[in-house]
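J.:
Protein chains: 4
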Amino acid sequence: MVAVTRWFVYFAPMPTTTAFVHATVIDGLGGPPLRDGTIVVEEQRFSAVGTGDRTPVPPGAHVIDLRGRYVVPGFVNGNVHLLDGIMMMGVGGVEYLARHEGRLTQVIEESAQVALKAGVTTVFDTWNATGPVLAARDRIAAGAVPGARVFAAGNIVGFGGPFGADFHLAASRVISPTFAGRMNRLFEAGVGPHLSLLPAREVRPVIRDYLARGVDMVKVGVTDHLTGIWGFERSYLMFSERVLRVIAEETHAAGLPLLSHTMSVEGLRSALDIGTNVLIHASITSQRPIPHELVGCTAGLQTVTSGYQGRLEASDSFWAMYGGGVHAANEKLILEAGVPVMLGTDAGCTPRDVLADAGEDGDPERPWTLGTDHVAWARGITEKGMTPTEAIAASTSAVARAYGKQEELGSIMAGRRADLVVLRDDPLEDVAALGTVVDVYQDGRRVDRDALPLRPLVTAPTPARP
Amino acid sequence: MVAVTRWFVYFAPMPTTTAFVHATVIDGLGGPPLRDGTIVVEEQRFSAVGTGDRTPVPPGAHVIDLRGRYVVPGFVNGNVHLLDGIMMMGVGGVEYLARHEGRLTQVIEESAQVALKAGVTTVFDTWNATGPVLAARDRIAAGAVPGARVFAAGNIVGFGGPFGADFHLAASRVISPTFAGRMNRLFEAGVGPHLSLLPAREVRPVIRDYLARGVDMVKVGVTDHLTGIWGFERSYLMFSERVLRVIAEETHAAGLPLLSHTMSVEGLRSALDIGTNVLIHASITSQRPIPHELVGCTAGLQTVTSGYQGRLEASDSFWAMYGGGVHAANEKLILEAGVPVMLGTDAGCTPRDVLADAGEDGDPERPWTLGTDHVAWARGITEKGMTPTEAIAASTSAVARAYGKQEELGSIMAGRRADLVVLRDDPLEDVAALGTVVDVYQDGRRVDRDALPLRPLVTAPTPARP
Amino acid sequence: MVAVTRWFVYFAPMPTTTAFVHATVIDGLGGPPLRDGTIVVEEQRFSAVGTGDRTPVPPGAHVIDLRGRYVVPGFVNGNVHLLDGIMMMGVGGVEYLARHEGRLTQVIEESAQVALKAGVTTVFDTWNATGPVLAARDRIAAGAVPGARVFAAGNIVGFGGPFGADFHLAASRVISPTFAGRMNRLFEAGVGPHLSLLPAREVRPVIRDYLARGVDMVKVGVTDHLTGIWGFERSYLMFSERVLRVIAEETHAAGLPLLSHTMSVEGLRSALDIGTNVLIHASITSQRPIPHELVGCTAGLQTVTSGYQGRLEASDSFWAMYGGGVHAANEKLILEAGVPVMLGTDAGCTPRDVLADAGEDGDPERPWTLGTDHVAWARGITEKGMTPTEAIAASTSAVARAYGKQEELGSIMAGRRADLVVLRDDPLEDVAALGTVVDVYQDGRRVDRDALPLRPLVTAPTPARP
Amino acid sequence: MVAVTRWFVYFAPMPTTTAFVHATVIDGLGGPPLRDGTIVVEEQRFSAVGTGDRTPVPPGAHVIDLRGRYVVPGFVNGNVHLLDGIMMMGVGGVEYLARHEGRLTQVIEESAQVALKAGVTTVFDTWNATGPVLAARDRIAAGAVPGARVFAAGNIVGFGGPFGADFHLAASRVISPTFAGRMNRLFEAGVGPHLSLLPAREVRPVIRDYLARGVDMVKVGVTDHLTGIWGFERSYLMFSERVLRVIAEETHAAGLPLLSHTMSVEGLRSALDIGTNVLIHASITSQRPIPHELVGCTAGLQTVTSGYQGRLEASDSFWAMYGGGVHAANEKLILEAGVPVMLGTDAGCTPRDVLADAGEDGDPERPWTLGTDHVAWARGITEKGMTPTEAIAASTSAVARAYGKQEELGSIMAGRRADLVVLRDDPLEDVAALGTVVDVYQDGRRVDRDALPLRPLVTAPTPARP
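Protein chains in written order, with full-length UniProt numbering: chain A, 1 to 466; chain B, 1 to 466; chain C, 1 to 466; chain D, 1 to 466.
1) Quick one: which unbroken beta strand (DSSP E) runs of 3-plus residues sit fully inside the segment 261–314 of chain D? Chain order, please.
2) Express the C-alpha separation of R173(A) and F167(A) in angstroms, rounding to a whole number.
3) Comparing C-alpha positions only, which one of N155(D), V91(D) and V339(D) sits nearest to H225(D)?
4) So H62(A) is in the alpha helix (DSSP H); what residue range does that whole segment cover?
5) If we ignore side chains and look at the alpha-carbon of each, how far apart do G371(C) and A115(C) end up?
6) 9 Å is my cut-off, CB to CB: does R204(A) come that close to chain B?
7) Along the chain, where does the beta strand (DSSP E) containing I39(A) start, and where does it finish?
8) Give me, in chain order, the residues of the same chain whose beta-carbon lies closer than 7 Å to that of E188(D); leave out the 5 immediate sequence neighbours on both sides.
9) Could you list which residues in chain B have their beta carbon closer than 7 Å to that of T178(D), in chain order?
10) Using the rule of at least 16 other Cβ atoms within 10 Å of the residue's Cβ for burial, across every protein chain shown, is T5(B) buried or exposed?
11) Hey, is A170(C)'s beta-carbon within less than 9 Å of any beta-carbon in chain A?
12) May I ask you to report which of helix, strand or coil DSSP gives V114(B)?
13) If I'm right that I392(C) touches V72(C) with Cβ under 8 Å, what's the distance once you round it to whole angstroms?
14) Tell me whether L82(C) sits in a helix, a strand or coil according to DSSP, three-state version.
15) Can you tell me whether P453(B) is helix, strand or coil according to DSSP?
16) Out of V265(B), E429(B) and A170(B), state which residue places its alpha-carbon closest to the alpha-carbon of M88(B).
17) For W319(D), which residues from the same chain have a beta carbon less than 6 Å from its beta carbon, with the 5 sequence-adjacent residues on both sides left out?
18) Who are the Cβ neighbours of G325(B) in its own chain at under 7 Å, not counting the five residues just before and after it?
19) Buried or exposed: where does P146(A) fall if 16 or more other Cβ atoms within 10 Å of its Cβ makes it buried?
20) Identify the residues that DSSP records as bridge partners of Q406(A): which are they?
21) Can you confirm whether A23(C), when its beta carbon is compared against all beta carbons of chain A, has any partner nearer than 9 Å?
22) How would you write the range of the beta strand (DSSP E) that T51(D) sits in, first residue to last?
23) Is the Cβ of F163(C) closer than 9 Å to any Cβ of chain D?
24) In chain A, which residues lie less than 8 Å from R288(B) when you measure between Cβ atoms?
25) If you follow the beta strand (DSSP E) that L423(B) is part of, which residue opens it and which one closes it?
26) In the segment 407–429 of chain D, which residues sit with their C-beta less than 8 Å from some C-beta in chain B, listed in chain order?
27) Which residues share a DSSP beta bridge with L237(C)?
28) Between I274(D), E233(D) and S411(D), which lies nearest to T389(D) when the distance is taken from Cα to Cα?
29) Taking a contact to mean a Cβ-Cβ separation below 9 Å, would you say L97(A) touches G348(A) in this structure?
30) Buried or exposed for P427(C), going by 16 or more other Cβ atoms inside 10 Å?
31) Mind checking which residues open and close the alpha helix (DSSP H) that includes H327(A)?
32) List the endpoints of the continuous beta strand (DSSP E) containing A23(A).
33) Nearest to V41(B) by alpha carbon, out of D425(B), D419(B) and R455(B)?
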């Protein structure tokens, strides 16, 4: 039983004011690096950022000398699934849920800790078991456990649970229906597939009830998940525009960002029509080119390195469709159009068995492994044409902006939360240096990275058991 | 080899003018029967209809005395699949298509002959292999072979072929992909599932090409077929409203009726919004009640007898959903609202093996067996509240009206095509008497019912082979 | 963490000598009950059994007055699977193994505790994960944990693990191959399916290695498991008679009993030919009658109550074949021939989810639920013609004799281990009274039944988790 | 309906006596070629064979000058399936049987004609639909239709039909059970899988009844077919040795050869123990090496060219196991031991669709395509070490000897049936020259190769249909 006590023991105690001096500061906003920079942190936020000569260290401040180091904002991942969602579409999901049922909140916390250890100080979880992810979010926010700061959408509106047709229907045939039903209900959280059968006026109160659960954003399944999963060359619309508008209205009325899942050009257009704020994996359009007039509005983008893509294609993997063919062309189109693009990886903590199945345990190119995913993403996106500076902005301030959190986080600027990552090597020279993490600070406090994850369940060697 | 010569040998030669006298005439328009009626036929059309005392027999006319007989218009079935579509969703479709490949046109003609033999002088085929059904339609229209008059939609726009996910995906895993692909292309006819991925402006020329093939109407998959087939409790929209409007515009611009396939309330609403003319199986809404405001516009309705429905439910059959639960309530709602309802049965000629599998060979209640389907439908619909007179109108003039053919056929009225059925028993007393066919006339000519079907392929005992 | 310390706390401490007096004693050997019986226990064994007037209570003995109570030997179940084997052939096995991996020994101990609580003081486990079941056996034997005394065969020679074709091949397609392989190896323990490919001289050293692991008996798959599981109307022989003889020779040379799994008449004959000691479920012969000449040697027999069998048949259950049709006739034949028959149930502890799926949680007639299985068996076997006295002998001394343990256990006789069950009601009047357990003694010590199972994993309500 | 009249029209009429002169004669018995040879044919048999100077041409003989040509005996294929058996284990079998049901005899005749056209004058069909293959055999023997001379085993004793677990169980789930059952019964012919459940004394009369149907040989399933098909690493025995002996006794008592299907070393040993005459695909032992003591008795051998094997392995084909890994080593072992080896290919006429699926339409290396299979086999076997002379003997006299027909056919020797093939190129130089057929003579009559196959059903382009 994890005791719900504050975990301050995991942070080194800090004085009220800290000054990081002599650092090369990359502020996450896309400008040139600040050489010999000074960053002052007070009350968990940045209070001053500037060159050493212009930025005095407040008297009594704890001074940290970062000579030869590089500082970037804490990374912000705009699309993760802290219960591994990618894996649940293939083998492994049954064991995962059976093994961890009753402690999914802990599994989510473990993922958030793995992310934090790598410098990802904030994540946006865009599909997950609603109850457990909100519980983990709250426990981390309250300081009961360490972890990347979590914002959560819960279920994707209209999607079924892990053992329905949207994820792993085949699994449902070999497992206990009682178990499958319990899991499905846990994920669907009242906004599951039956919504596709309801007229707009019946959908409205369902969305209101869902918002009342306290989600941070709403993700709507504009297109279906099923046909993409099954490899069919088609894509359905989950909802009529009448219903989509109701979902958008309610979400925006609650002051929350609206996210979309789309797999087709028509889906993208409908998402844009209703004022979607974050278009998740906009480049995935069932291999049809995005028309020019839609490109200008696009925002979300997953990507993989060309090396990994090559391996996916060589092994005829299902996932080759993720960034291959027309989808790669779509990515390029989006980048060339200067559309705001943000870091999003679909990553989670994958069980060791599944990594072993794929021969990808420890593979730094695997795009869905929390802890290294954001570095692989940065490598992939720079291959596609971004500069390192742009890639860093896309991994920090751009995500915050997409979700309307730019006043709070995502850049090293006075007033923002003091999330920063100290790097050994220069990421502007080689973006892979984003992985050379020396230290991570979240809300101005140093993270005890060696202690994370606290109590490995998923990332532990199988089958360590009491 | 069927020679393409006129098959007049199957008709008794007729003089230019015929008069049926002393008949009880039910004109198909819903009025009271005409006792001691006289019907005059000239040039393949009715030229006069009235009581014997008011309707003189033209001099030189061939006179047929129908004392004690009952005359109704030739039946018009608004929803058939002359290649058995119901069967293709279960077992049997692979053998059916493999066995008859290369002579599907003959199989369709066989079905049209089985229908004609039972008095169904016109059918609207709303899903079929486009090329073969148009060929059969033309051969029947040209008099090359006998058969019910056929109007054909070809593929349902957006649907995949028989071995795709919309009908029998499992089959595709055990058959030759080359064969499966050839069959799928034959059915899809260029308007298959890939349309769901196209924006409106790319859909428009595809629909124009399809219309140019000469179909008589266009049926659009407003909702998907897949989730209904697989028993999922959801229903997707195949197309955005943008695309739906393009399909409707092009169809109406070509002067053709637009039909819809829907499986949800939202689908029904979209179909109505775009001006759909015929709502096929409107009562099937994935078990959600049709809202009151939508009822007023509904037109199409399948039904089954309560006896058959009872058996479906007792055996836990997939097809129990066809007319069970909320769907039965929807049927009732539609009928009570006085919405125009037409005969439609999804019927075809089912192979003997499949009938044997189900224990339904020769079963008069099976709603999908051409030749008896319309009688079973009439029994079912009168159980739900129609009078026999209404059921006859629904099986004749109502269908013609739904398809805009009311000036041509569907009633015993001067000017209409002289399609009529002579019955032994009074259908107004017991609607099952629609099955007591004594004689059938199509375009004023007596059908040689004993000769039909000419060359049985599907309805022959298996495996009679040369 | 379960500490490996002696669990004597679960036994009430006992003096060296105990006398049970005024009991009605049914000795398990088939004779008439002893009224007003006295049973003396010394050093964990019975030292005297007789009527009160002839059997003096030793001075200083602890005296327990059982006036009005009935005493039977501790039950001995000749065929259990402490990891639920029946369940692993259907849904639920994946979750079961995923959930409990790393603590299968504890799950086995839980089952042994559930059995002990119900008076089953000894079980013969005839299929299980070899390592865990031997570990549990040893921990129970050493007094580290309570539980029914376990004798274990480990794997069935030639059978594959739970995710191979012999149990649940379909499951292997939706789970991690790494996980599946690890589980399969755990169960196969070196004597898996590849043995069917080896000539006799290569099989011999494999069997010797297996015997060296310390199993208590060897069970050989004379016929396959696969075709029975899949419902095929056939049965293969796993091994040639050449190989079977080698397995029998090595087992008997090690002084161990040989058990057989057979599903056909030919399998039964081969099992008899090689001197098999215990013929597990001999009545199951793929619905072919056992020839008369084979009946004389048969020993093992599963059975179910007619009520449960009726339900299986009504719901068209796979398990209806277990005791239905010709198999019921075989049972009768065996009983009428006077063949020694023993209690064997295939029972284990089934997860609550799976019981809920089947609507059988708490169902006293379910034949595979440890704790009530032996009572259901006794009811079933008396329905088939045994007297209660015979059913009790079949559940105690007959099992011991089949396994060559009759000098050790299975009867209330001087020299035997002091395992006994005190009943409230008279089982000779109604055999269901075997379920009215008042007290259980194992090796002369009173079992603290209220404490069992110590730490429920499988039988706990789902999903109680730390 | 094909009329059963003699097809002499397909042969050029011949005088009583024919002399082939100036040929290079390879007699099929393994000796050196006879240069400038003369072959005299009288009454459908060879009457003299010798050098031109020693072998006078009888007066009045029709003389055929074969200067520059090579003559070999008509090929004899010891293992074919004239209804394509290989294909029935993958996709295509459903369509094949559905398409041709009711004319399987014609399909078999078509295969025999394709074989004959290529110079294969005799085939031994070792698995087929019993009724149709015996009918085709009889029609060919009676001269009603042309074709390779057929000897047929019918079903493999113990095997299920094409839609059972032994061939294509998955297919049975998507087709009509009535159809599947009818097909299965047609193939099983009373000696299907239920035999595995019967004791020896019940098997005996079943075998007698089967022999009474007039089969030419009996093939027994010593090991199962199922596990090999499904890729399981195991192999069962279908029958006890008690039952195997009964099958062997009855077959030999009827004077017929006994063939075995085996997939394991133990199976091979059992086959040898009961005096099997022809060990079909003896080298296939589920990848276990054949022990040395068994090699001396082996006789049957399939093989593929290394090129084709390489492609199978590169594409990870199921069929790679046919000649790969230990099986290739087994082949080598058998050849080095000098065991008599015969041509056997499992070939049939594969539908065009299935060939297109595999990209192997017209592929001369495909080992299962009748017409080119024997040439591919000869290429494969010479790669493994045979000389061309040995390969020719293995393709002619060796097969005849294995089946006890050496006095009748398989060599160019006085007294044998006058089956011969005239080749353009020298096969002793390059064994691929066996495919350079100029003329084929069967029973002394020239085959009208251009006319074959008479009425293509399977080998016609799809879907030519009346």
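Ideal placement from N, C-alpha and C gives every residue a C-beta, glycine not left out.
T.: On the basis of the data shown:
1) Taking only runs of at least 3 residues, the beta strand (DSSP E) segments lying wholly in the segment 261–314 of chain D are 278–280.
2) 13 Å
3) N155(D)
4) In the DSSP assignment, H62(A) falls outside any alpha helix (DSSP H) and within the unbroken beta strand (DSSP E) covering H62 to D65.
5) 5 Å
6) no
7) L34 to E42
8) N155, G160 and G161
9) D353, A356 and D357
10) Unreliable positioning characterises T5(B) in this predicted model, as indicated by a pLDDT of 40, which lies under 50. A coordinate reading is not provided.
11) yes
12) DSSP places V114(B) in helix when its eight states are reduced to three.
13) 6 Å
14) Coil at L82(C), not helix or strand.
15) coil
16) A170(B)
17) Within the same chain, and ignoring the five residues on either side of W319(D) in sequence, the residues whose Cβ sits closer than 6 Å to its Cβ are L312.
18) Q287
19) buried
20) Partner(s): none; Q406(A) has no beta bridge.
21) no
22) Here the beta strand (DSSP E) through T51(D) covers R45 to T51.
23) False, the Cβ-Cβ gap to chain D never drops below 9 Å.
24) L197 and L198
25) Run containing L423(B): L420 to L423, per the beta strand (DSSP E) assignment.
26) none
27) T223(C) and L237(D)
28) S411(D)
29) With respect to G348(A), L97(A) sits apart: the two C-beta atoms are not nearer than 9 Å.
30) buried
31) Its alpha helix (DSSP H) spans residues V326 to E336.
32) T17 to V25
33) D419(B)
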